[in-house]
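When we follow the working numbering, the leftmost residue of the sequence shown carries the number 16, and every step to the right adds one. Each residue gets a CB set at the ideal place from its N, CA and C atoms; glycine is no exception.
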Amino acid sequence: MRASPAIALLLLSCFPVVACAQSPWVRSRAGFYAQAAWQFIPAYAAVYPDNNVSGTVPLHRKISEGTFQLYGEYGLTRRATLTIALPLRFLRAGQTIVNPLPNGYAAGTLVGLGNVSLSLRRTLYTGKITLAGTVRLDAPTNSNDAETGLRTGYNAFTVVPMLNAGRGFRHAYVFAYAGYGMRTHAYNDFLHAGIEGGWHFKKWWLTGFSELNLPLKNTGDGPILPGANSFTRLYVHNQGYLSIGFKSQVELHRFYGVALSAAGAAWGRNVPAQPAYSAGLYFKWE
Numbered sequence: 016m017r018a019s020p021a022i023a024l025l026l027l028s029c030f031p032v033v034a035c036a037q038s039p040w041v042r043s044r045a046g047f048y049a050q051a052a053w054q055f056i057p058a059y060a061a062v063y064p065d066n067n068v069s070g071t072v073p074l075h076r077k078i079s080e081g082t083f084q085l086y087g088e089y090g091l092t093r094r095a096t097l098t099i100a101l102p103l104r105f106l107r108a109g110q111t112i113v114n115p116l117p118n119g120y121a122a123g124t125l126v127g128l129g130n131v132s133l134s135l136r137r138t139l140y141t142g143k144i145t146l147a148g149t150v151r152l153d154a155p156t157n158s159n160d161a162e163t164g165l166r167t168g169y170n171a172f173t174v175v176p177m178l179n180a181g182r183g184f185r186h187a188y189v190f191a192y193a194g195y196g197m198r199t200h201a202y203n204d205f206l207h208a209g210i211e212g213g214w215h216f217k218k219w220w221l222t223g224f225s226e227l228n229l230p231l232k233n234t235g236d237g238p239i240l241p242g243a244n245s246f247t248r249l250y251v252h253n254q255g256y257l258s259i260g261f262k263s264q265v266e267l268h269r270f271y272g273v274a275l276s277a278a279g280a281a282w283g284r285n286v287p288a289q290p291a292y293s294a295g296l297y298f299k300w301e
């Protein structure tokens, strides 16, 4: 599929874009990192189709999404770090794009928690290359509205065990990760993998990253979702993406700074055809 400016909804809800949530490195014992970020996808009128054909599928209404996310890491021991992500999502189904509208599909807004995520990362090996194992659990903390088709998260538990590997240099780093995602409530499983690399110059970090969520064909047609959810394509069965993005982090002080990011996709399935952006403030203590 031809590369185009699209972003997967999952990237905002499950992965804190401006934090190294998938890195193999752990925090020092009792050290922590905290970040508050605003992540948003501007109003979009099309999504990628539920197959491998090129192009996009028009929606009946424009959808806009924003997420205020709190993200934190805490060093439990010198070899283990606990992370948490708390997303509060703001969704809107607005302007009519395709007529006639299906019966019962209304305009409106929805505010609610997305899938709260907890993960534990533990160092397995340290040397020139650092290896770590991570287990992530996403809870079914979500809201939905049957008339607008808006939904703030998966109505399911998600478990993702991962292996993380990385290497640091004097002014740069690179790491990769891979795992297998299992989701309840008849959603399909998925492969989860990515790579990230960054370069440090004085008080600036410049970073590039790519992430893949590849849905796997499971038995069945997925969960039965109420109302107009099939028209918005929010958290439906068989979603996937290959994202490409950049991050920039500016250290204003040794303890705090600003982080910015933008991400797009080279491939997608049942996800918005629109870029995503993020801006946040962080505080750290080592």
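query, result
"For Thr247, which of helix, strand or coil comes out of DSSP?", "helix"
"Tell me the rounded alpha-carbon separation between Pro20 and Gly295.", "Any answer about Pro20 is weak, because its pLDDT of 36 lies below 50 and its placement is not dependable; what the coordinates show is given next. Taking the straight line from one Cα to the other gives about 22 Å."
"Whole beta strand (DSSP E) runs in the region 152-215 with 3 or more residues, listed along the chain?", "173-183, 187-198"
"Going by other Cβ atoms of all chains shown within 10 Å of its Cβ, with 16 needed for buried, is Ser132 buried or exposed?", "buried"
"Below 6 Å CB to CB, which residues in the same chain sit around Ala243 once its five sequence neighbours on both sides are set aside?", "Tyr120, Gly164"
"What is the DSSP secondary structure of Asn285, reduced to helix, strand or coil?", "coil"
"What are the partner residues of Tyr63, as DSSP defines its beta bridges?", "DSSP output for Tyr63 lists no bridge partner at all."
"Consult DSSP for Gln264 and reduce its assignment to one of helix, strand or coil.", "strand"
"Would you kindly report the start and end of the unbroken beta strand (DSSP E) that includes Ala291?", "291-300"
"Decide if the region 127-143 is in contact with the region 212-227; the criterion is three or more beta carbon pairs, one per stretch, under 8 Å apart.", "no"
"Distance check for Asn170 and Ala274, CA to CA, integer angstroms please.", "30 Å"
"What are the start and end residues of the beta strand (DSSP E) that includes Thr138?", "132-140"
"Can you tell me whether Gln110 is buried or exposed, with buried defined as 16 or more other CB within 10 angstroms of its CB?", "exposed"
"Using 10 angstroms around the beta-carbon of Ile144, count the other beta-carbons present and answer buried if the total reaches 16, otherwise exposed.", "exposed"
"For Leu231, I'd like the list of residues in its chain whose CB is within less than 8 Å of its CB, leaving aside the five on either flank, ordered along the chain.", "Asn203, Asp204, Phe205, Leu206"
"Helix, strand or coil for Arg44 per DSSP?", "coil"
"Ends of the beta strand (DSSP E) at Arg104?", "95-111"
"Expressed to the nearest angstrom, what Euclidean distance is found between the alpha-carbon atoms of Gln37 and Asp160?", "32 Å"
"For His252 versus Gly237, is the C-beta spacing smaller than 7 Å?", "yes"
"If we call anything under 7 Å between Cβ atoms a contact, is Leu97 one with Leu125?", "no"
"Mapping the DSSP letters down to three states, classify Ser69 as helix, strand or coil.", "coil"
"If you compare alpha carbons, which of Tyr86, Gly260, Asn233 is closest to Ala201?", "Asn233"
"Using C-beta distances below 7 Å, list every residue in its chain close to Ala51, excluding the 5 sequence neighbours before and after it, in chain order.", "Leu85, Gly295, Leu296"
"Kindly indicate which residue of Lys77, Ser225, Ala49 has the alpha-carbon position closest to the one of Ala58.", "Lys77"
"Using the beta-carbon count (16 or more within 10 Å), is Arg136 buried or exposed?", "buried"
"Considering only the beta carbon of each residue, do Tyr256 and Asn228 sit closer than 7 Å?", "yes"
"With a 10 Å radius around its C-beta and 16 neighbouring C-beta atoms as the bar for buried, classify Phe270 as buried or exposed.", "exposed"
"List the residues that DSSP assigns as beta-bridge partners of Arg76.", "Thr111"
"Figure out for me which residue from Thr167, Met197, Gly168 has the closest Cα to the Cα of Pro176.", "Met197"
"Look at the Cβ atom of Thr173, then the Cβ atom of Asp153, and state whether they are nearer than 7 Å.", "yes"
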